[in-house]
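Engineer:
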Amino acid sequence: MFNKLLSNLKNLQIKLFIRTMLFYKCQKGVTAIEYALIAVAISSMLFIVLGSGGEDGLIAKIKESFRSIQDGLSISNSQGNNK
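Sequential numbering of the sequence shown, starting at 74, is according to our numbering.
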C-alpha cells in the first residue's frame, strides 16, 4: 500500500514537472502582452511630454512661441514700413 502511494506520488510529481515545463515553453500570447505594455509605456510618455493639453503642456508652449515670433515679426514689419 505504501509503495503504491509512493508510486502515485512519483507519477504526480512527474506530471507536474512536465506540465510546468510545457507552460514555460508555451509562448502564445506573450508577444501580444509585450506589445500592449510597450503601447501603454509610449502613450504614458507622450502624455507626460505633451501634457494634458492645458496651459503648461508642450503644445501650448509651442503655440505661445509661434505667437511671440509672429508678434515680433509684425512689430518689425510695422517699424520697417514707418521709415
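Note that beta-carbon positions come from the ideal geometry of N, C-alpha and C, so glycine has one too.
For GLU128, which of helix, strand or coil comes out of DSSP?
Structural biologist: For the purposes of this step, residue 128 is taken as the residue at position 55 of the sequence shown. The answer is coil: DSSP assigns GLU128 none of H, G, I, E or B.
Engineer: Going along the chain, which residues of its own chain have a beta-carbon closer than 6 Å to the beta-carbon of LYS98, five neighbours each way excluded?
Structural biologist: Residue numbering aside, residue 98 sits at position 25 when the sequence shown is read from its first letter. Answer for LYS98: no residue qualifies.
Engineer: Measuring CB to CB, does ILE132 end up less than 8 Å from LEU119?
Structural biologist: Here residue 132 refers to the residue found at position 59 when the sequence shown is read from its first residue. Here residue 119 refers to the residue found at position 46 when the sequence shown is read from its first residue. Contact flag unset, no.
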